[in-house]
Amino acid sequence: MSQLDSEQDVAGVIGRPLDRVDGPLKVTGRARYATERRDGGARPAVGWIVEAAIGHGRIARIDAGRAERAPGVLLVLTHENAAEQTPYGLPEDAGRFTQSRAVLQGNEIRHFGQAVALVVAETLEQARAAAALVEVDYDAESGRYEASPEDEGEIPDSLDGGGQPDLGKGDFDAVLRSAEVSLDQRYTTADQIASAMEPHATEASWRDGKLTLHMSLQILASGKQAIAQTLGIEPERVRILSPFIGGGFGSKLGVHADGVLAALAARELDRPVKVVQHRRNLFFSGPHRGHSSQRIRLGADAEGRLLAIGHDSLQPMARRYQFAEPVASATRASYACDALLTRHRVVPVDRPPIDSMRAPGEAIGTPTFEAAIDEMAEQLGLDPLEFRLRNAPQREPGGGRPFSSRDLERCLKEGAERFGWHERPVRPRSRNDGRWLIGYGMASAVRPNLLMEASARARLGGNGQVVCELDMTDLGTGSYTVLTQIAAETLGVEPQRVTVELGDSDLPQTSGSGGSFGAGTSGSALYRACLALKEELARIACEHADSPLNGCVPDALELAGGRLSGRRADGTAAEAGLDAIAALGGPDGVSAEGSIEAGQDHEDFAQYSYGAQFVELGVDPASGEIRLRRCLGVFSAGRILNAKTARSQLMGGMIYGIGGALFEEAMMDSRRGAFMNRDLAEYHLPVNRDVPDLEVVMLEEPDYRSNPLGSRGIGELGICGIGGAIANAVHNASGVRVRDFPITLDKVLKGLETRV
Amino acid sequence: MRAFTYERAEAAEAAAGRAADPSASFIAGGTNLVDLMKLQVLSPSHLVDVSRLPLDRIEATEEGGLRIGALVTNSALANDERIKATWPLLSRALLSGATAQLRNKATTGGNLLQRTRCYYFYDTTSPCNKREPGSGCGALEGFNRIHAILGASEHCIATHPSDMAVAMVALGAEAETLRPDGRRRRVAVEALHRLPGERPELETVLEPGELIEAVVLPPPPKGRQLYRKVRDRSSYAFALVSVAVALEVEGNAVSSLRLALGGVAHKPWRASRAEAALLGQPATRDSFRAAAEAELAEAVGHGGNDFKLPLARRVIAATLADAAGLTPEAEEGEPV
Amino acid sequence: MPHRDPLDRPGRPGAGPAAAPDTLSRAAAADAGQTGAAQRESVTLTVNGRRETVEVDVRRSLLDLLREQLDLTGSKKGCDHGQCGACTVLVNGRRINACLSLAVMHDGDEVVTVEGLEAIDAQTLAPGGTMGSGAAALGDVPSLHPLQAAFVREDAFQCGYCTPGQLCSGVALLGELAAGEASIVTWERADADGADAVGAAPASDEELRERMSGNLCRCGAYPNILGALRRTLGQIEEGAERADRGPGRDGARGGTG
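Protein chains in written order, with this note's numbering: chain A, 19 to 774; chain B, 1119 to 1454; chain C, 3 to 259.
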C-alpha cells in the first residue's frame, strides 16, 4: 500500500517520505525494462556480440561463412558488410555523448573486446553458438594500456564537470617549504566498473524510416543525437524509450555498442532486433573508471592550520574519447589554505571508453585526500575531527567565491556527536573485541552542486488528472516519485491524481539523469511548468464566459483542495473545481510548459553539498580481513524532496563507496589490454553481509541559490569521503596505513607482517 | 554454448556407459557446467542428465559413518542433523561456500568435480594449459592473486575452488564410483584430485564416464572441528585460503589432528607435514606456527599470490589455536 | 546427420528418458555441435500455478524459458552465470539461480517467479492458484505478498532490477528459517555462544544479511532489504500468535510459536 493516502494534506507533500509510485510495478515484476516489452509486434531477433581478442591492431581476415550457415542465423554483421556510419568520435567538437559511436567500420581494433561482429539469429541460443563460429585473424600491434605513476602525462582539454585541469593559488612550493609540519604521499585507486545490475541493452525497430530504440539510457536527448549522428540520419527520425532502467551510475549516460548494433541489424533485417550485452561484454563495450595515481602534499603550522594543499592526479584516457575525471574537485573546496595546487594529467591508452562512474572525481579523490588529512592530523597530534573543523574556509579556497551554503562543519559536529566520536580509540591498535581489532575513522564529504537545462510540460485534464511529461529518466533515483510530489504540491492536488510520464525522447527535453543534477534540474522545470499551468488555469477561470469565476482577477484567486476561489468585481464569492476549469480549456484540458537553466547564482556562488562520514570496523589480526561494524553519514543537501528516496540515495552512495574502498578492482592484463576478472564472481561488489548497520542523517537547509526548489544534488554525495573514513579506521584499528585502494586483506597483511 | 545432445538417465549403470566418450559429460546441478558451457570453456557434445537417479539419500554405515548420495544437495547435506551433530566441519565448509541458491542446486558429487576459477581458464582468448593443453599458462606471468602456492607446476598454477572438498579431505572421506564397465571402486577424496604436473587438463583420477555415486564419511575424527575461510568479501566469494581442522588436545598436547587447506593448490591440500609436526606436541601458538611453517616449507608465490604464504601461515596457526580453545591473539600481548 | 529435424524426436514428459543418440552417431553430433540444429525437447512444468507444456532447445536455461518463451520477464538476467542472483526463482519450494539450470531438466517441476509471489501464503509458503496476467499501469496494484509490500514501504530497492530475485530469495529465506536450516552465521553464533551445535534462535541481522548475500544490489538497498525482512518476520510472528490464540484452532500446536 502506497502512502498516497487521500486524507493527507496536499500542501507540504514535497519532502514527505512517500513510497515510490513505481514501487508496486517493481515488486511484482511488471516494470518492463529495455528489452522486455511486448506490444504484440514481431518477436525481435536476437543479436550476440563477437569481441576482438587483441588489445590493439587490425583485423587481417574475418570469415562469417560458418556462422551465417548455422541454424537460425539471420545475419552476421562485420566491418565488411556493415552500413557506413559517421566515423567514430566525430565530430570532434561535439560532446562525448553526442559524437558518433560507430561500430564495425574498418579493420582497426581500438581496444580489446571491441565488437568485431554481431550475429543475429532467431533465438539467443542460436546467436550465441554461432558467434563462436565467426573466424577472425588479427595483426596485433603493441598497445599502451596503463598509466604508470612515472608518466608525466598530458594536460586534458578540460575536466568532467567543466573544471580547469590546473587550479591553484599562492606560491605553493614556497608555502609548503615554510610549513612546520608537512606531508608528501602517493596514493592509488584501481580501475572500476559501474556494474549496474541491468546490463546495457537495446531493442531496435524501424518503421517508415523512423527508428525506435527501447534502450537502457540515462540521458535521452543526447543519446538521440548520438544515434542520429552515428547513422547519419536526422534526430527527428530517432525515438528513444527508456521508462525503466536497471541502474546506470554513469555507465548509461551515453549510447554504447548494443544500441548502434541493434539499430544497424534491425534496419538490415527490417525486423526488431535486440542486443543485450553479456556481463563480460560490459567491461569493454561499456565505459569504466580509470585507475589513478595521486600525489598529495600538505603543509601546516604547529597549531594545525593548513597552509598548503597540493593534489596531483594521473589517469589513463582512452584514445579518441576525451574524458578526464576531476579527481581534485573536492580538494578545491574542502579546507582553507594559503596556497593551493591541484593538477590533472592523463595518459592516452588503447582502452575502451573511460568515462564517468558515480561521483566522477570525488569517488576516488576524496578517499585519498581525506586519508591524507588524517595522516596529517596524526602528525600534528590532533583529533582528526578538530583538525578539519579548525580549517573551515570562509570562501571557496580554489575559486575565491562565497559559498551558497557551507554546512560541512555542522555535519561534522552533528556526526561526531551522534557517532560517539569522543569514545574512539585515540591510539592506533589499542582496542579489540574478541579476535577483532577495532578502529574508528571519519572523513568529510564535499560534492559540487549543478543545475542544467530542462523543460517540462504539465497538463490538467477535464477529469482532474494531472499529466507531467518530460524526457527525464528514473534509474532508481526516484524521479517518478519526486516529480509527482512537486506537481502535486505546486498544483494543490493529491499525489494520486498526478501521472508522471518519463523516459521518452519525444517529450520535452531535459538533462536526464547524471551528475546528481536530475531531481533539481528536471524538478525545477516541472515546478515552473506547474506554475505556468496554474496561471493559465487562473486566466481561463477569470476570462472564459462559462467559468463560474468569470470576472475575477487572476492574481487574487486562491487555490486549495483542488478548487479555485475568488471574488468577482461585484464582490460576490465564486469558486470552481480545477477540473471544471481545465475542461473549459479544450478536450485535452489545459497544458503549460516550463523550463530552467543555471543563472547568475551558479556563477557568483560556489555551490556544494556536504557530509560527514563515520565508520567503525574490525580488522582480523591473523588474516587482515576487514569487517565494517557501523557507518554513519550526516549530510546537508539543501531541501530534501522525498525523505525516503533521498535517504536511499545517500545510503546507496555510501555502499557504492564501500565497494570502491574495500573490494572493487578491474584487473587489466597489460600484456593484452584485457580485463581478466570480467564477471561478478571475481569483480567483487559489496554483498549484503558486507554492509553493517548504516545510519543516514539529513540536515535540512533549503538553498534557493541552487534552484527554485531549494534542493541540491544527493545522488553522488554519499560516496564522497567514505573511502577515506574506512582507510582511516583501518589504520586506527590495526596501525596499518594502506594507500592503495581497494584496501584488500593482502595489503593490510603486509603491514601486519612488518609490524611484528 | 555449442549444440549438444541430451538424455536423461534412469539408471546409474546405463548413465556411466552413456558418458564413456570423453566428449560426453554428466550433468546434475549444473551450476558449474552450465556456467562454463555458456562461455564454451567446456563444450561437451552429449549430456547425460543424472539428476533423477536415486542417489539423494544419506544413510548410516555399519562402521559408524555416513554414506552420502552423490546427488544430495549442498543445502541438504549441510543441514542434515547427523552431519551437524557429528561432522560439523562439513556443514561449516558447505555453508561457507557459494550462496543459498547455489547450494540448493549444487550436489555432493558435482561439488567435488567443480573446475578452477582461474581467470585465464575462463577467458577463451587467453592461453591456458588446462583448457587447451599446450597453449601455455596466462596466469604464471599474469594475474595470479587467487592461485596456488603449493604443488603447482610450470604448466598450471590454478587452484581447486571447493570448500566442501577440503572438509571431506580432512574428514578422510572416500568417493564411491561406478565405471562404464560396471565395476565400482572407492577412491579417497584426498587421492581423487591430481596435481597439475604436465597434464593440468586432467584434474581427477576418474576415467571418462566414471560416475561418483556417493561419498562415504568414516566415523568422525576426534576433537574440535572448525572451518575457517578467508576471502575477499564476507560472503559469496571463493577462498583465498581456507583451513579445515579437527583437533583434539589431551593434557596440553595434541593427541589427534586432521588438517586440510583450500585455496592453496590444484587440489584440496592435506596438510600431512603439519599434522606430523604437531602430534604429541604442546598445543601452543608457537608450535602451531611452527607446524604451519613446516607445511609451507616448499610453498612458492608467483607475484600476485605471494601474500598467501603469510596468510596461510597465520590463518593455519590461528585456526588451530581456535580449535584448541586458546585466547584470541588480539586479547594477548600489546593491544589493550 | 542425426536430429536434423527436431520434431523427429520430441521427448515425452513423464514417459521416461528422452531418446539418446547411439554412440556411433555421437561423433557426428559432436561435429554438428557448432553448426547442426539443436536438439529440442518437450517440457511440462507448472509456473505460478499454471501448467505449461513447451518445446525447448536443450541449451535453453530455465531463465530464458521464462523470459523469452513464457513472457515472464520479472525474473532478471544480471550476469547469466550465477554470480548476481537477479534470476532467483523458487523451484519445488527452493530458491535457485534460474540462469544456471537447463530448462529441459525441469520437466515436472513447480516454479514460482516474482509474478507468482502474491499467491504464496506467507505462513505456509505454499504457492496459490493460477495467476491472471493483466496489464499493469503505474499504481495498478494486485494484492501483494507481505514481503513485496514491505519492500515498497521500506524502500528496499531503487532501480528495481535485482528486486524480483531479492524477493524470491527473501520468501525462500522465510521458509528456510522456519525449517531451522543453518547458515554459516548460525555456526559463528554458536561459536560465540560457546554452544556445541547450532540451535534455533531468532535470526540476527547478521544471519539475515548472510542469507541474502546471494543477491547483489548495486543501488545499495541492502539495509532496507534487511528492514523489509524484519518487518515481514514481525508480521509472520504476529500472525502466528493470533492464529494460536484465535478460535477454531484445535490446540494441537502448543506454545506460542
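C-beta atoms are modelled at their ideal positions from N, C-alpha and C, and glycine is treated no differently. Quick caveat, the model's predicted, so the values are computed rather than measured.
If you compare the alpha carbons of I122/C, L47/C, G51/C, L179/C with that of L104/C, the shortest gap goes to L47/C. Taking a contact as a CB-CB distance under 8 Å, the pair A1138/B and V1168/B does not count as one, their CB atoms being some 14 Å apart. If you draw a 10 Å sphere on the C-beta of G131/A, you find 16 or more other C-beta atoms in it, and that means buried. Along the region 66 to 88 of chain C, the positions whose C-beta sits under 9 Å from a C-beta of chain A are D66, R69, E70, D73, L74, T75, G76, S77, K78, K79, G80, C81, D82, H83, G84, Q85, C86, A88, read in chain order. Inter-residue distance for G76/C and S63/C is about 15 Å (C-alpha atoms, whole angstroms).
Residue-level contact by beta carbon holds for C161/C and chain A, with a gap shorter than 7 Å. Using a CB distance cut-off of 7 Å, A1218/B counts as an interface residue toward chain C. Residues Y353, A354 of the same chain have their beta carbon placed closer than 7 Å to that of P411/A, with the five preceding and five following residues left out of the count.
Residue nearest to G124/A within the set Q117/A, R114/A, F115/A, A135/A is A135/A (criterion: CA-CA distance).
Taking the Cα positions, L501/A is about 27 Å away from P148/C.
Assigned with DSSP and collapsed to three states, Q71/C falls in helix. F535/A places its beta carbon less than 7 Å from that of G731/A. Sorting R696/A, F302/A, L770/A, R648/A by C-alpha distance to the C-alpha of C81/C places R696/A at the top. DSSP, reduced to helix, strand and coil, places M375/A outside both helices and strands of the structure shown, so it counts as coil.
For D207/C, the uninterrupted alpha helix (DSSP H) segment begins and ends at 207 to 213.
Three or more Cβ pairs drawn from the region 469 to 486 of chain A and the region 507 to 522 of chain A lie within less than 8 Å of each other, which places the two stretches in contact.
By the Cβ-count criterion, Y339/A is buried, with 16 or more other Cβ atoms from all chains shown falling within 10 Å of its own Cβ. For the set I504/A, D489/A, I558/A, the Cα lying nearest the Cα of S529/A is the one of D489/A. Remark: fewer than three beta-carbon pairs, one from each stretch, lie closer than 8 Å, so the region 677 to 692 of chain A and the region 515 to 525 of chain A are not flagged as touching. In this structure H440/A is not in contact with P370/A, their Cβ atoms being roughly 48 Å apart against a cut-off of 8 Å.
Within the same chain, and ignoring the five residues on either side of S1405/B in sequence, the residues whose Cβ sits closer than 7 Å to its Cβ are L1396, Q1399. Closer than 8 Å at the C-beta level to chain C, one finds no residue of the region 219 to 251 of chain A.
Annotation: the continuous beta strand (DSSP E) that includes S311/A extends over 310 to 318. When rounded, the separation of the alpha-carbon atoms in C86/C and G216/C is 7 Å. For R1391/B, the closest C-alpha among the options A1401/B, T1402/B, L1379/B is that of L1379/B. For T234/C, the CB contacts under 8 Å within the same chain, skipping 5 residues up- and downstream, are A124, P148, L149, A152, G172, L176 in chain order.
Shortest Cα-Cα distance from R1351/B to any of L735/A, R757/A, E321/A, V709/A involves V709/A. Non-local beta-carbon contacts of R204/A in its own chain, meaning distances under 6 Å to residues more than five positions away in sequence, involve R313 in chain order. When Cβ-Cβ separations below 7 Å define contact, V705/A makes contact with chain B. Taking 7 Å as the cut-off, the Cβ atoms of A88/C and G167/C count as close. Relative to C1236/B, the option among A1412/B, P1279/B, P1314/B whose CA is nearest is P1279/B. Excluding five sequence positions before and after E1411/B, the CB atoms of its chain that fall closer than 7 Å to its own CB belong to R1431, given in chain order. Boundaries around N99/C are those of the beta strand (DSSP E), 96 to 99, since no alpha helix (DSSP H) includes it. With a beta-carbon spacing of about 11 Å, P1298/B and P1140/B fall beyond the 8 Å limit used to define contacts. Identification of residues in the region 89 to 104 of chain C having a C-beta nearer than 7 Å to some C-beta of chain B yields T90, R96, R97, I98, N99, L102, S103, L104, given in sequence order.
Its chain contains M1119, R1120, T1242 as the residues whose beta carbon lies nearer than 8 Å to that of Q1158/B, once the 5 sequence neighbours on both sides are disregarded; these appear in chain order.
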